[in-house]
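Just below is one structure, and these are the notes that go with it.
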Amino acid sequence: METTPPASQILQPAGAARPPWLAFYAFVSIGVNASIIGPALPTFAAQTGAPLEQVGLLFTPFALGYATSVFIISPIGARLGMRALLLSGATCLLVSLALLLLGQSLPLIYLGAYLLGLGQSGTQVGYNAMVGLLAGPNAARMLSRLNAFFGIGALAGPLFVSLGYSLFGSASIALLLALVLSAPLLVGAWVWRDAVAPPAVHNPANSASARLPLSQLLRQPVLWLLGAIASIYVSSEVAFSGWAAVYAERGSGVSAAQSALLVTVFFAAFTLGRYLTDLISRWVKPPLIVSSAIVLTGIGLLLMIALPGVFAINMAGAFVVGLAMSPIYPILISYGIRLFPRDATVVTGFLTSMAALVALVIPSLVGVVMTGQGVTAAWGLLLLIVAVLGGGWALLRGMLRQQLE
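Residue numbers (our numbering): 25 to 429.
Structure, rendered in structure tokens:
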């Protein structure tokens with residue numbers, strides 16, 4: 025019979041008695057991976073000889089990797105255990121970054137982007153589910169802390185790209201560094217303690233808290249609405265971080281190296297915001313944090329739309345948007361785990377994959393609008409998407425109030 029180890033040991037490599045270093049490191053690594061793709065688009069265009077607009081379509085296979093992970097990566101964890109899940113995710117990351125670094129054709133770049141999404145999703149789902157389960161009622165705070173390490177990596181990534189452009193005229197050095205940083209995940213996953221169990225259910229009166237068959241789980245309206253809100257949020261974050269550098273370069277006329285700093289500012293604020301969320305949530309409830317975050321995101325976008333040609337204003341707007349967006353995703357994931365604690369891994373994987381479905385289209389659509397209509401029109405579309413996010417959150421808030429409060 026399996027026994028559940030103490031909470032302090034679940035997130036540790038076998039035979040160790042240390043904090044969950046691998047979980048935090050993994051989020052730093054995938055943060056680097058995610059943040060270099062947008063600023064590296066000109067390098068991919070140079071490698072393949074394809075127009076920037078065609079290369080920008082790689083956001084679609086990247087999102088498709090996230091979307092299909094629930095059918096490809098998640099079953100590995102369910103059947104073979106968490107170690108197999110993490111090994112698979114790390115392998116996908118290494119292969120994908122090698123393709124992005126060395127690929128000389130669009131199909132290879134697109135394949136690399138797909139495998140990157142697949143590996144990123146498998147890694148995020150595993151660690152988010154485990155940490156969320158361990159945290160229990162404090163899941164929102166703990167997940168914000170964990171995901172803050174994603175921001176640290178995402179902050180470093182554009183700096184690597186900017187350095188590469190400044191020294192070599194290419195982002196290849198950033199891709200190589202990302203590959204090196206992802207390698208320890210494969211070793212770390214091999215020594216991972218494969219023993220994580222969901223917490224005891226303390227509210228048997230809540231039917232959603234009992235373990236549900238997948239078919240019944242997918243008939244829960246609140247889960248689909250939660251997934252829709254996560255979809256809109258993730259697509260907005262990917263679109264902003266992916267196209268912010270091009271937005272600044274075309275709108276302000278700055279160099280590729282300078283424009284990459286805009287993404288750095290975004291992720292610096294993003295990281296700071298997640299640390300602040302950990303502190304603020306001790307006094308402010310998560311629903312109010314999310315509502316305020318959505319409003320503040322709109323204000324930051326309006327700031328950039330008002331003066332697209334002023335690089336300093338672009339930097340300020342990116343900081344506001346990063347700070348505002350930071351708490352939304354961890355809180356949404358924590359709600360999913362609280363609603364269905366017995367199915368935390370499945371629910372986390374479902375939310376991650378569903379979030380990627382909208383991201384299949386919107387980041388690429390923003391790029392098309394930017395190319396055809398200009399930077400102001402592209403950010404206007406993004407502002408409209410954030411407004412839809414606010415309306416959906418208001419509807420979801422009512423359902424959560426009925427089920428959790």
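C-beta atoms are modelled at their ideal positions from N, C-alpha and C, and glycine is treated no differently. None of the values given here were measured: they were computed from a predicted structure.
Check	Outcome
Alanine 263 versus threonine 372 - alpha carbon distance	22 angstroms
Close beta carbons around methionine 339, own chain, < 7 angstroms, minus the five adjacent residues each side	Leu286 and Val289
Closest Cα partner of alanine 195 within the set Ser59, Pro85 and Leu210	Ser59
Alpha-carbon spacing of proline 182 relative to valine 410, whole angstroms	24 angstroms
Cutoff 8 angstroms; reference leucine 407; Cβ partners in own chain excluding five residues on either side	Gly322, Leu325, Leu326 and Ile329
Nearest neighbour of phenylalanine 83, chosen from Val246, Thr115 and Ile133 [CA to CA]	Ile133
Complete alpha helix (DSSP H) runs within the stretch 60-90 (minimum length 4 residues, chain order)	65-72 and 76-79
Secondary structure of glutamine 244, DSSP reduced to three states	coil
Rounded separation between leucine 381 and arginine 306 - CA only	33 angstroms
Length of the line joining the Cα atoms of glutamine 426 and valine 246	11 angstroms
C-alpha gap between alanine 348 and glycine 341, whole angstroms	11 angstroms
Exposed unless 16 or more other CB atoms sit within 10 angstroms - verdict on leucine 170	buried
Beta strand (DSSP E) runs contained entirely in the stretch 247-318, provided each spans 3 or more residues	none
Residues near proline 99 by beta carbon distance below 8 angstroms, same chain, minus five either side	none
Residues of its chain near serine 259, where Cβ-Cβ distance is below 6 angstroms and the 5 sequence neighbours each way are ignored	Val382, Ala383 and Ile386
Of the residues Leu167, Phe184, Gly73 and Ala180, the one placed nearest leucine 300, counting alpha carbons only	Leu167
Serine 279 classed as buried or exposed, judged by whether at least 16 other C-beta atoms fall within 10 angstroms	exposed
Reduced DSSP secondary structure (H/G/I, E/B, other) of serine 350	coil
Glycine 23 - DSSP class collapsed to helix/strand/coil	A query on residue 23 cannot be resolved here, the shown segment of the chain reaching from 25 to 429 and no further.
Classification of valine 220 by the beta-carbon crowding that lies within 10 angstroms, buried from 16 upward	Model confidence at valine 220 stands at a pLDDT of 48, short of 50, so the residue's coordinates are unreliable and nothing is read from them.
Coil, strand or helix - glutamine 128 by DSSP	coil
Buried or exposed (CB count within 10 angstroms, at least 16 for buried), phenylalanine 51	buried
Buried versus exposed call for glycine 193 [16 or more other C-beta atoms within 10 Å across all chains shown]	exposed
Assigned exposure category for leucine 179 - 16 Cβ within 10 Å defines buried	buried
Proximity of leucine 109 and glycine 150 at Cβ, strictly below 7 angstroms	yes
Backbone secondary structure at glycine 175 - three-state DSSP	helix
CA-to-CA distance, glycine 277 to valine 112, given in whole angstroms	With the sequence shown as reference, residue 112 is identified as serine, and valine is not the correct amino acid for it. Distance between the alpha carbons of serine 112 and glycine 277 is about 42 angstroms.
Helix, strand or coil at serine 194 [DSSP, three-state]	coil
Local conformation of phenylalanine 364 per DSSP, three classes	coil
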